[in-house]
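Residue numbers (my numbering), protein chains in the order written: chain A, 36 to 185; chain B, 36 to 185. Glycine is no exception: its CB is placed at the ideal position from the N, C-alpha and C atoms. Everything numeric in this text was worked out from a predicted model, so none of it was measured. Each remark here refers to the structure printed beneath this line.
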DNA sequence: GAACTAGCGTTAGTGTGACTAACGATTGGA
DNA sequence: TCCAATCGTTAGTCACACTAACGCTAGTTC
């Protein structure tokens, strides 16, 4: 099921492809597990952000999670339908909605924290603790490069 | 534009998220450049595979590139429309189509080889040569884990 | 040689994620 | 008071991963 033996040499040599494939496999495992908890990545991103920053507007959530504000609408709908967040108009600025974490949302967050830690451990299983640190370091360097000039 | 300063601590700590983000940024750059050459990732995968393995069926292409055979149909259509491959029935087994690289396809492949090498270099710019090797090594370990039990 | 099974290419459709465009409502500043 | 900007929302595009089903062809078994 992987091309490490059957694929073209050129494809195996492409680091960008390697990166994509590793991410894809990790994402798949993450999404599988999240689905079993009736959640997806964005749900976690929103819940975690609300937990750390308190009630914020959708625009601020969009900034902090990097979810497009157009997509955020559906995410908040889903979370609200599960009573994990509340959406209420901001009295101070009636353009805004204030999104608040509910006790149920906080419980879900803790559940997902655990779940994601487990999946991460599974995905990184082939690496030692030192290698995991190294990987995080290298990936951070890549990600931050783009953070600079934007 | 990245959450390394504005995002929740929990999100920054998630290695699976880090991996996804790095892959996403790299993919975006790759796709941008490929688009300028009127191509996409799958085009390259197919062209490179044909170059290394000669004329093969779509089923074999699907195995070697990990493109689903249902999606491969459109990819071959696109490549054929650009005269980069030819699709002809296999006389030895009339269920099969034999896909062949054309001279034009080979030219495009060389062009994309260069293009992708440049993008890879740009994406990995923050890393030294040794670090790039290390990254490739770690990612390979992750990818091969899944290759095992499938 | 008829029937069955399996492989092949194709069509259609699902779900997720990234991303753009545009609109109505509201706000703050010139 | 008018203007520009911001906010939430709707709608839609594109790429990728993945599933289901169908018609055709090939090879095998009875």
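Within 10 angstroms of its Cβ, does residue i collect 16 or more other Cβ (buried), or is it exposed?
i                      : result
residue 140 of chain A : buried
residue 145 of chain B : exposed
residue 89 of chain A  : exposed
residue 100 of chain A : buried
residue 57 of chain A  : buried
residue 184 of chain A : Bear in mind that the predicted position of residue 184 of chain A carries a pLDDT of just 43, short of 50, making it unreliable; the figure below should be weighed with that in mind. Residue 184 of chain A should be labelled exposed.
Just the Cα atoms here: how many angstroms apart are residue i and residue j?
i                      : j                      : result
residue 181 of chain A : residue 67 of chain A  : 29 Å
residue 161 of chain A : residue 132 of chain A : 44 Å
residue 130 of chain A : residue 124 of chain A : 8 Å
residue 65 of chain B  : residue 107 of chain A : 26 Å
residue 118 of chain A : residue 137 of chain A : 7 Å
residue 44 of chain B  : residue 87 of chain A  : 8 Å
residue 155 of chain A : residue 77 of chain A  : 17 Å
residue 59 of chain B  : residue 179 of chain A : 13 Å
residue 170 of chain A : residue 167 of chain B : 11 Å
residue 163 of chain A : residue 75 of chain A  : 28 Å
residue 173 of chain A : residue 128 of chain A : 42 Å
residue 91 of chain B  : residue 116 of chain A : 50 Å
residue 40 of chain A  : residue 165 of chain A : 28 Å
residue 176 of chain A : residue 126 of chain A : 41 Å
Going by C-alpha to C-alpha distance, which of the options sits closest to residue i?
i                      : options                  : result
residue 63 of chain A  : B:157, B:60, B:54        : B:54
residue 51 of chain B  : A:43, A:69, A:48         : A:69
residue 48 of chain B  : A:48, A:179, A:152       : A:152
residue 42 of chain B  : A:165, A:75, A:85, A:167 : A:85
residue 122 of chain B : B:75, B:173, B:56, B:81  : B:81
If you drop the 5 nearest sequence neighbours on each side, which residues of the same chain put their C-beta closer than 7 Å to that of residue i?
i                      : result
residue 104 of chain A : 93, 94, 97
residue 61 of chain A  : 158
residue 36 of chain A  : For residue 36 of chain A, the predicted model reports a pLDDT of 40, less than 50, meaning its position is unreliable; a value from the coordinates is still stated below. Nothing listed; no residue qualifies.
Return the bridge partner residues of residue i from the DSSP annotation.
i                      : result
residue 97 of chain B  : Answer is none; residue 97 of chain B lacks a bridge partner.
residue 110 of chain A : Per DSSP, none; premise fails for residue 110 of chain A.
residue 133 of chain A : A:92, A:123
Report all residues from its chain with a CB closer than 8 Å to the CB of residue i; omit the five preceding and five following residues, and keep chain order.
i                      : result
residue 72 of chain B  : 143, 146, 147, 150
residue 120 of chain B : 81, 82, 85, 111, 114, 134, 135, 136, 137, 140
residue 26 of chain A  : Outside the displayed span of chain A (36 to 185) sits residue 26 of chain A, for which this structure offers no information.
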